[in-house]
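Worksheet: the structure to be examined is printed underneath.
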Amino acid sequence: MVAGEAPQESPEAEEPDLAQRLAASYKTFLAAETLILRKRTGGKLTRQACRDVAHEAFMRVADKVLSGELGPETNLPGYLRTTSRNLATDVLKAQNRLALLDEALLPTVPAQGQPFEAIEPMEELVLPTIDAMPLTQPRKVVQFQSQGLSDAQIAETLGITTDRVHKDRHTAVSELRDRLAAHIRNGHRKKTLHGGKDR
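Under numbering that gives the first Met the number 0, the residue at position 135 of the sequence shown is numbered 134, and the numbers go up by one with no gaps.
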């Protein structure tokens, strides 16, 4: 060091930037948030689904950090938690929509002369209707789901985010409901809370 020069601080002494803090928090956040989401959702989401939600939340926040949308003053743990819980809410809503679809499809009108119990709605109505849909991404999403793939597996297979999976599934479910409307008995269409038919 030249005489008269101010001593320079070493890089190690600097505060880690937001991206470094985020990267360092990944494992801890993923483990803790998976357990917290499982508890907060009352077990309605599987452990793997909670882990997928926490990972997706982390990746979304990472994108915002890297694009400069979040500044160094950001409360990183709080932002991660909020993003994760909002995503978990979206996943639960999507599950509820699918449950409503199941209720709307059952029971169905049996073919003439065929006992009602002999109808297998999934095999005889829903799957053929999915196969008849245009070969779009929403169709692929519900096809994979009907084969038992999780949202994370569908997202990985199609190279999309789980959020996109939810949107495409909603689109496909709406189309399925329209296509299958003729097979739903009037007495079993979705009802309002007051017992009247939904219009």
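Beta carbons: idealized from backbone N, C-alpha and C, even for Gly.
Next item on the list: Indicate whether residue 51 and residue 150 have their beta-carbon atoms separated by less than 8 Å.
Entry: yes
Next item on the list: Identify which residue in 180, 17, 26 and 164 has its Cα closest to the Cα of residue 66.
Entry: 17
Check: Going by other Cβ atoms of all chains shown within 10 Å of its Cβ, with 16 needed for buried, is residue 19 buried or exposed?
Finding: exposed
Note to self: Three Cβ pairs or more, each shorter than 8 Å: is that satisfied between the stretch 88-95 and the stretch 164-178?
What the structure shows: Look at the beta carbons and you see the stretch 88-95 touching the stretch 164-178: at least three pairs across the two are nearer than 8 Å.
Notebook entry, point to check: Assuming residue 168 and residue 140 make a contact with CB atoms under 8 Å, what is their CB distance in whole Å?
Noted result: Between residue 168 and residue 140 the beta-carbon gap is near 5 Å, inside 8 Å, which marks them as a contact.
Check: Going by beta carbon distance, what residues of the same chain come within less than 7 Å of residue 36, once the five residues before and after it are set aside?
Finding: Correct list, in chain order: 44, 49, 52, 53, 83 and 87.
Checklist line | Euclidean distance between Cα positions of residue 89 and residue 40 | finding: Computed Cα separation, rounded: 12 Å.
Notebook entry, point to check: Where does residue 24 fall in DSSP's three states?
Noted result: helix
Next item on the list: Take residue 46 and list the residues in its own chain whose beta-carbon comes closer than 8 Å to its own, dropping the five residues that flank it on each side.
Entry: 33 and 37
Next item on the list: Starting from the C-beta of residue 131, find all residues in its chain whose C-beta is less than 8 Å away, skip the five residues before and the five after it, and write them out in chain order.
Entry: Around residue 131: 178.
Note to self: Judging by CA-CA distance, which residue of 24, 31 and 85 is the nearest neighbour of residue 75?
What the structure shows: 24
Notebook entry, point to check: For residue 128, which residues from the same chain have a beta carbon less than 8 Å from its beta carbon, with the 5 sequence-adjacent residues on both sides left out?
Noted result: 175, 178 and 179
Notebook entry, point to check: When DSSP labels each residue in this structure, what does residue 16 get in the three-state scheme?
Noted result: coil
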